[in-house]
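Chemist:
Numbering (the numbering used here), first residue to last: 3 to 289.
1) Consider the C-beta atom of residue 277 and the heavy atoms of the ligand FMN; say whether any pair is separated by less than 8 Å.
2) I believe residue 255 touches residue 289 by the beta-carbon criterion, under 8 Å. Please report the beta-carbon distance rounded to the nearest angstrom.
3) Put residue 16 into one of helix, strand or coil per three-state DSSP.
4) Quick one: using the 10 Å Cβ neighbour count with 16 as the cut-off for buried, is residue 55 buried or exposed?
5) If the criterion is Cβ atoms closer than 9 Å, does the pair residue 63 and residue 87 meet it?
6) Under the rule that 16 or more other beta-carbon atoms within 10 Å means buried, what is residue 98, buried or exposed?
7) With H, G and I counted as helix, E and B as strand and the rest as coil, what does DSSP make of residue 166?
8) Suppose you measure from the CA of residue 96 to the CA of residue 81; what does that come to, to the nearest Å?
9) Per DSSP, what kind of secondary structure is residue 143 in: helix, strand or coil?
10) Can you look up residue 63 in the DSSP assignment and give me helix, strand or coil?
11) Can you list, in chain order, the residues of its chain whose CB lies under 7 Å from that of residue 207, leaving out five sequence neighbours each side?
12) Look at residue 51 and residue 107 and say whether their C-beta atoms are less than 9 Å apart.
13) Expressed to the nearest angstrom, what Euclidean distance is found between the alpha-carbon atoms of residue 270 and residue 284?
14) Note down, one range per segment and in chain order, each alpha helix (DSSP H) of at least 4 residues found wholly within the segment 226 to 279.
15) In angstroms with no decimal places, state the Cα-to-Cα distance between residue 150 and residue 102.
16) If the criterion is Cβ atoms closer than 9 Å, does the pair residue 251 and residue 257 meet it?
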């Protein structure tokens with residue numbers, strides 16, 4: 003029964019049941035969804051388990067859905083990018099080489115290994131054992147070396163050489179006081195523009211806006227900065243950027259560009275972006 007039926011409203015007491023037609027075809031349907039999401043080389047939009055369940059209109063915890071994930075052909079052709087990480091995206095094993103080179107994995111892995119008092123990581127030590135799927139490890143290492151050598155690291159990440167290369171977050175770097183000409187646009191001056199009361203209000207307002215927009219977008223954990231700015235129009239741009247910068251420093255949210263995605267940002271989306279390293283960061287993601 004549990005393999006062939008499900009509740010229409012899973013969290014509602016005494017809700018109606020319905021038959022799942024073609025339950026034995028669910029693994030095939032899952033694979034079709036994954037392949038469709040990868041069409042056109044849009045590997046930056048790989049789906050998580052929750053997103054796969056949402057597209058099939060089922061609960062993640064439902065037994066037949068769990069069984070479908072573990073059954074061929076899906077289980078033979080797909081795997082989790084980060085096998086032990088909650089909400090890890092799935093990827094097609096046939097495209098492992100391309101997936102390994104997606105730049106946002108660098109930030110994800112770096113954030114996973116950094117410690118509060120250790121803010122440098124030897125690049126050769128990445129990825130740590132068992133964090134990344136084995137099929138992606140060699141490709142990731144090659145991609146990381148290439149990006150370091152060609153100065154093509156993702157926005158917000160830096161590298162320094164001391165015999166070996168070490169990676170760090172640019173936001174961890176401390177420098178002298180900026181000159182008068184640059185004070186208005188520096189991250190420090192942005193933070194000073196927000197009073198403690200405003201910063202506290204901004205954090206909750208930002209979380210509420212992100213949660214609302216994320217649900218409206220299918221809970222894919224990718225919300226455009228343009229949408230967030232519109233939802234939080236009570237904050238000036240400098241206040242918005244300063245508040246968001248604090249959330250990024252606290253490792254609560256991160257920003258990403260459109261690299262690896264099939265969709266090109268519009269002029270308005272680029273205008274709303276935060277530019278780092280010459281790259282417009284148009285998407286916000288919760289860590």
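Quick reminder that beta carbons are idealized off the backbone N, C-alpha and C, glycines included.
Modeler: Quick look at the numbers:
1) Among the ligands in the structure shown, none appear at all, so the ligand FMN cannot be discussed.
2) 6 Å
3) coil
4) buried
5) no
6) buried
7) strand
8) 10 Å
9) helix
10) coil
11) 234
12) no
13) 10 Å
14) 227 to 233, 239 to 251, 269 to 274
15) 15 Å
16) no
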